[in-house]
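Single-structure report; data block below.
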Amino acid sequence: MNGELGSATARPGSGEFERDVHAVARLIPPGRVTSYGAIARYLGAARSSRMVGWAMNRALDADPIDTPQVHPVPAHRVVNRLGMLSGRLHFPTPTAMAERLMAEGVEVRDDRVVDFDAHFWDPSTEL
DNA sequence: AACGTGACCCTAG
DNA sequence: ACTAGGGCCACGT
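If you count the first sequence from 1, position 120 lands on 107 in the numbering used here, and the numbers rise without skipping.
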């Protein structure tokens, strides 16, 4: 048995960057949205926007059991720089992302945030 | 262990 | 205006 406490969970994906991404994502106010690039820039890794996407993916995959209530990572509030819901297919259903946004008052049409600029929340500016 | 693939973004032709 | 390619780095095969 891997008597080791934490080391057993020496999980490869929980790097600092990923945690920081989750932390920032949690700060996105309901009804607002931001982009992968904006988060990456805020964290000083402007060219790692792709990794932000992976971090979001991970957030959804995370075991609800492994992490009791430490989950409020609003992945639905992160879209690409054009306001398109490029990650929708990773949600339980293809429409879940749009539905969650709509529930917060963010209008979505054709998998795209309507009036993106008005809803855009830039951590570098707002934080 | 190298290779391809991604919830991206920017620059250049 | 449109297409192509580079950079980034974690993951699955």
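Built from N, CA and C at the ideal position, the CB exists for glycine as well.
Item, Value
"Presumed contact (8 Å Cβ cut-off) between V20 and V66, rounded CB distance", "6 Å"
"Under 9 Å between C-beta atoms of G74 and A62", "yes"
"Spatial distance of W108 from I15 (CA atoms)", "7 Å"
"Other residues of its chain near G18: CB distance less than 8 Å, five sequence neighbours each side excluded", "E91, G92, V93 and H106"
"Contact under 9 Å by Cβ, Y23 with V39", "yes"
"Cβ shell of A46 (< 7 Å), same chain only, five flanking positions each side left out", "H9, V60 and A62"
"Under 9 Å between C-beta atoms of L72 and V101", "no"
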